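J.:
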Amino acid sequence: MDSDGTQDARSTRATPVPRPAGPPEHPGSPQVPPRPTVAPEMPPLPDGTAFLAWVRAARPQAAPGVWRFGHRPRPDQEPEQIPARQLLSGAVIAFLVGWLLWSLLSNGYLGDWWILPLYLLTPDSWRQSGDHSEFFNLLLWDGYDLLIVVGVMLAVGRLGRWGEVWRRFLAPRLKRGEPEPPPPAPEDDPAQWNQLRAAGAHDAADRLAAEARAGLMRDVDHARIARAWQGVLNGRHGLATFTGTVLKDGAASCLHPSGERDLPARLARHDLMTGQVRLGTTVDDPRNPYGYRGTGLALGPELLGTSLVAVGPAGSGKTGSVVWPLAESLCLHALAGRAAVVVVGAAGAGLGPADAYDVVVRIGHPESVYDLDLYGGTTDPDEAAAVLAEALVGDLAEPQHGGDSRRSATVLAQLLGPYLAVHGRFPSVPELRQLLDGTPGPLAALRKALVDSGQESLLRELDARERQARNPGDVGGVLADRVALLDRPAFASFFDTSGQTRPFSLRALDHPVRVRIDLPERGHADASRILARLVLAQFTAGVAAREDRSLFACLVLDDATGVVTPEVVRGIQRLRSANAGTVLTLRTLDDVPRPLRGPLLGATGCRMALSGLTPWDGQDFAEVWGKEWIETRDVTDRQIIAETPAGKALHMLRRVITGRAPTARAVTVRQVERERWSASELAHAVPPGHAVLSLTTVQGEHAPPLLVNLRG
């Protein structure tokens, strides 16, 4: 069946996107692959108990960033907490007062007025002698005494806050674990696939429910089939085709083109029902809102759709605590047919094993199976020129108007258009370098080929290029120098345009593909920055041109040093409406031009400052997070001056006993506006392994800066 792109042929220009980059499966492997290591919420039990518990777990609606799996909502405001010593002493004093009051009443020291209601509310015959009078009198008087005792204890218990004493000190010690909740009714059980039954697909629902009970279904299977069912509801698939596929394959229906149903191993905790990955725990700190304290901190596509920038020095945990968990989550979403992910980083940066991806491009590695399309898979010379110019000289553009990028795009278009018209392809890196250098031979050959093919109209492009090349401020030389960084022996077999290699193009992001691109940082730092800008430019251009935007697309760029340009900032702002996002990490904001730091933090909805930040980096975060109104208390102690001899003697005695002069305390409460997190706090008050993170959803909901333990 048409599986909403999960089984469609994926194309990168002329060649399809290959199968996973790992080794092929051996013949005779079982149809259902062995169960890999999964998250702690769903251990691999053969009877399906863990999976059913995962499906039925509570996931209440919560504030942005809260880990919803098993979440218990807390009040937004912190209740007033009485100190333990004061609470316990008040409870004991209330008990003693109640005991004393009952003793006085029962012994008649307070008179007999408290017995008056008994005489008013009961007939005299109940208190007269008779055969059964002793029994009734005993029952009447003892019952009335018990009623008075209960009333006195309720009154003093309320005054002494016995209920809070029970909740804070006794109940937790007596608690032996909560009983397992009863299984839900069939009509409310999410494991019964009632949405399929409501549409008449009872056989398919029965098959899926049986697979779940037998332990043959995983969280990725559940998410993938639910995604395919959404395609049925949207009219992209037929109900009969979907039902037939489920009856035939069960939990293995609608497989990803790679045939994989899970990742080889998981390091983070994932909940594909909500699409979240848990990064840590929000610290129980007064600076965090009370509703967030102690809750899990998780991210999902609804937050990554506004893009994330994480800043922290080397060793602060950007890759291991942020980049790889997010990449792992997006790979799981891709297997479920929900997302397409491109992960870019230095070779050996710890971005996951090769068999966790469909495509692994190792630029500069002689054994790399896949190539990178230098022109992004487009056949439009103007579009190819704009993307390539951004990659080559985007970091030289003026932030105000980006003049260098525009002039460079014009120069490249003047050469790419005629070359494409003659050869039917774009020039390779050596050919492009020669054309930009203005070498007479290649330009003359291109001119002659245009004349021979009857395309004299394009000669004016070459004429304009030759005129501009004679001007002192021509950018052709700068472009040639930047292209020369890619025209190295290590890259000789890459960026081929003759069709002899298997290039990957970011035009394939309208399919659920998992891609990892390894950059050759060692010895080729400048070339790596050019390639990172190239991938980012192709990503922003490609996702905006997608026809079907129901698939979430995300680019994860580990170390965005030298990548942020004016066009990148504008492109990030456009990603939210294209159901796409980026994850960028930086060692310091000094790696971003000063005029672009504020716009970058403003364009991204999720901002993370890790421990070890410098004060000047913290100042940029403090400015973008703004200020808030808080209540402050100013306490002033004023010495009391005695005017009488007796008062002076009393004060002298008090000073001898306490060692301090008698004072009167004055408390002033006022509202002041202060920074949510100051630059000094971000630089010195964030413990190792922690980060301060603010969040924004694609719907516009905000979460204030939160102190998060990334190791929790």
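Heads up: the sequence shown begins at 1 in UniProt numbering, then just goes up one per residue. Idealized CB from N, CA, C, for every residue including glycine. Note that the coordinates shown come from a computational prediction; the quantities given were computed from them, not determined experimentally.
1. Return the residue from the list Asp518, Arg655, Ile572 and Asp355 that minimises the CA-CA distance to serine 258.
2. In terms of residues, what are the limits of the alpha helix (DSSP H) holding asparagine 709?
3. With leucine 610 and lysine 318 assumed to form a contact (beta carbons below 8 Å), what rounded beta-carbon distance in angstroms separates them?
4. Under 8 Å, do leucine 412 and leucine 479 count as touching if we go by C-beta distance?
5. Please report the distance separating the alpha-carbon of arginine 465 from that of alanine 349.
6. On the premise that leucine 446 lies in contact with leucine 420, defined as a C-beta separation below 8 Å, what is that separation, rounded to the nearest angstrom?
7. At what residues does the beta strand (DSSP E) containing valine 635 begin and finish?
8. Alpha carbon to alpha carbon, how far is glycine 312 from valine 698?
9. Once you ignore the five residues that flank valine 93 on each side, which residues in its own chain have a CB closer than 6 Å to its CB?
10. Determine whether the beta carbon atoms of alanine 229 and alanine 209 lie at a separation below 8 Å.
11. Check whether the segment 330-349 and the segment 219-238 are in contact - that is, three or more C-beta pairs closer than 8 Å.
12. Quick one: give me the first and last residue of the alpha helix (DSSP H) that leucine 432 is part of.
13. Sorted by chain position, which residues of the same chain lie with C-beta nearer than 8 Å to arginine 467's C-beta, five sequence neighbours on each side aside?
14. Which same chain residues, not among the five before or five after valine 283, have their C-beta less than 6 Å away from its C-beta?
15. Please give the ranges of any alpha helix (DSSP H) in the segment 210-248, keeping only runs that are unbroken, at least 4 residues long and fully inside the region.
16. So, valine 583 versus leucine 267, is the Cβ gap smaller than 8 Å?
17. Report the CB separation of arginine 207 from valine 246 in whole angstroms; it is logged as a contact under 8 Å.
18. When the cut-off is 8 Å and only beta carbons count, does tryptophan 625 lie next to chain C?
19. For threonine 49, which three-state DSSP category applies?
20. Opposite isoleucine 517 in the DSSP bridges: which residues?
21. On the premise that leucine 351 lies in contact with valine 343, defined as a C-beta separation below 8 Å, what is that separation, rounded to the nearest angstrom?
22. For leucine 154, which of Leu101, Leu485, Gly320 and Gly48 has the nearest alpha-carbon?
23. Output the distance between the C-alpha atoms of glycine 250 and histidine 270, rounded to the nearest integer angstrom.
24. Once you ignore the five residues that flank glutamate 701 on each side, which residues in its own chain have a CB closer than 7 Å to its CB?
25. Nearest by alpha-carbon distance to leucine 216: which of Ala199, Leu52, Arg638 and Arg570 is it?
26. Check this for me: beta carbons of phenylalanine 504 and tyrosine 292, under 8 Å apart or not?
27. Decide yes or no for the touch test of the segment 372-381 against the segment 441-455: beta carbon pairs closer than 8 Å, at least 3 of them.
28. My understanding is that threonine 519 touches glycine 345, with C-beta atoms under 8 Å, so please give their C-beta distance in whole angstroms.
29. Would you mind working out which of Leu174, Arg168 and Gly238 sits nearest alanine 199, comparing C-alpha positions?
30. In whole angstroms, what is the alpha-carbon distance linking glutamine 573 and glutamine 81?
31. Can you find the residues in the same chain that come closer than 8 Å, C-beta to C-beta, to threonine 497, ignoring five residues on each side of it along the sequence?
32. Taking DSSP as the reference, what is the three-state secondary structure of cysteine 254?
33. If you follow the beta strand (DSSP E) that valine 311 is in, where does it begin and where does it stop?
34. Which value, in whole angstroms, describes the spacing of the CA atoms of proline 688 and aspartate 558?
35. What residue from Leu388, Arg56, Gln639 and Ser329 has the CA that sits closest to aspartate 189's CA?
36. By a C-beta neighbour count over all protein chains shown, 10 Å radius and 16 as the cutoff for buried, is glutamine 500 buried or exposed?
T.: The relevant details are as follows:
1. Asp355
2. Not the alpha helix (DSSP H): asparagine 709 falls in the beta strand (DSSP E), residues 702-709.
3. 6 Å
4. yes
5. 42 Å
6. Actually they are not in contact, since the Cβ atoms of leucine 420 and leucine 446 sit about 11 Å apart, beyond 8 Å.
7. Per DSSP, valine 635 belongs to the beta strand (DSSP E) from 627-639.
8. Their backbone Cα atoms lie some 25 Å apart in a straight line.
9. Note that residue 93 is isoleucine in the sequence shown, not valine. Taken in chain order, the list of residues that qualify is empty.
10. Checking the sequence, you will find tryptophan at residue 229 rather than alanine. No, these two residues do not count as a Cβ contact at 8 Å.
11. Verdict: yes, contact present.
12. 429-437
13. none
14. Leu707 and Asn709
15. 219-233
16. no
17. 6 Å
18. Considering every chain present, this structure includes no chain C. It has just one protein chain.
19. helix
20. Val344 and Val361
21. 5 Å
22. Leu101
23. 23 Å
24. Pro64
25. Here the closest residue by C-alpha is Leu52.
26. Result no, Cβ atoms of phenylalanine 504 and tyrosine 292 do not sit closer than 8 Å.
27. no
28. A small correction: the amino acid at residue 519 is leucine; threonine does not occupy that position in the sequence shown. For leucine 519 against glycine 345, the beta-carbon gap comes to about 7 Å, under 8 Å, which counts as contact.
29. Gly238
30. 44 Å
31. Leu374, Tyr375, Arg425, Phe426, Pro427 and Ser428
32. coil
33. 308-311
34. 20 Å
35. Arg56
36. exposed
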